[in-house]
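Numbering (full-length UniProt numbering), first residue to last: 336 to 618. Note that beta-carbon positions come from the ideal geometry of N, C-alpha and C, so glycine has one too. Being a predicted model, the structure only gives us computed values, none of them experimental. Below you'll find the structure, written out as structure tokens, and then a few comments.
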Ligand code: ATP
């Protein structure tokens, strides 16, 4: 398996500690990494890939790691390195507070709107960055956002993200898709673009203001797309400012991709909403 030397890490520099969770490709552990250059120890997360993983899956994981390595942003989980030999280990930045969805559910009784819009602005910021490098993430959802501190969330899980070619639309060929988060063109034609990321960002904002509730509960995947095509949208969460909700409903969730705002335009709006909420808090 081909991996650049500068992201290889010697396994003996890592001590695995507690199990954090399990995913499709293996378990994730908290671990200590001793940096060979500075001798400093840091706490990290290690994805231990299953030993019986298919070669194709190993290739996917490596692809994810080499993508992640190119991204440097305050709100994107960073890759520290890879132990390549089986079992492959991906060494990544640890998010001590875990998944955003669980965090929102656990802390819902005290989380102020100020924090919710802060999280929305940080994820938007990370997408402005990704789109500026012509990447589409394709799996933007609260389950793929990690909480590093009570004031800082980061986008993770680049398993599905792709560089766009010249026509700026990527057609997915296989695999299960998260239907309830997807733009209509992604469901109908498996088309992914910056505009479909924008739609998903809207669903993710909805999840944040709904404090970790999943979208379209009790509605089947097949019915969701039918409702959307008939004009139905997720309803305004109690905590979401109505003007911001209207922006989601009328602009971000426009059926036609070209009618949606760009992530840069959305960032401008999110910053305005954030300023308003912050002002209300001061008064
Ligand atoms: P998939 O298998 O599709 O990637 P997943 O997100 O469930 O889905 P992992 O990314 O392997 O799988 O994550 C497994 C668990 O470990 C999840 O609960 C996730 O929140 C946690 N986790 C993953 N990365 C980190 C991290 N950097 N810091 C803290 N917890 C993490």
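When rounded, the separation of the alpha-carbon atoms in residue 593 and residue 363 is 39 Å. Secondary structure of residue 537 (DSSP, three-state): helix. Distance from residue 489 to residue 411 at the Cβ level is roughly 6 Å; contact confirmed, criterion being Cβ atoms closer than 8 Å. Rounded to whole angstroms, the gap between the alpha carbons of residue 585 and residue 544 is 17 Å.
Counting along the chain, residue 402 sits inside the alpha helix (DSSP H) bounded by residues 390-405. Sequence-distant partners of residue 350 (beyond 5 residues in either direction) whose C-beta falls short of 7 Å from its own C-beta, in its chain, are 366 and 367.
Leaving aside the five residues that flank residue 493 on each side, the residues in its chain whose CB is nearer than 6 Å to its CB run, in chain order, 399, 402 and 403.
Residue 481 places its beta carbon less than 9 Å from that of residue 433.
Per DSSP, residue 365 is not a residue of any alpha helix (DSSP H); the beta strand (DSSP E) it occupies stretches across 361-369. The Cβ atoms of residue 451 and residue 478 lie no closer than 9 Å to each other.
A direct Cα-to-Cα measurement between residue 454 and residue 483 gives close to 11 Å. Here the distance from the Cβ of residue 360 to the nearest heavy atom of ligand 1 is below 8 Å. DSSP, reduced to helix, strand and coil, places residue 531 within a helical segment of the structure shown. Secondary structure of residue 380 (DSSP, three-state): strand.
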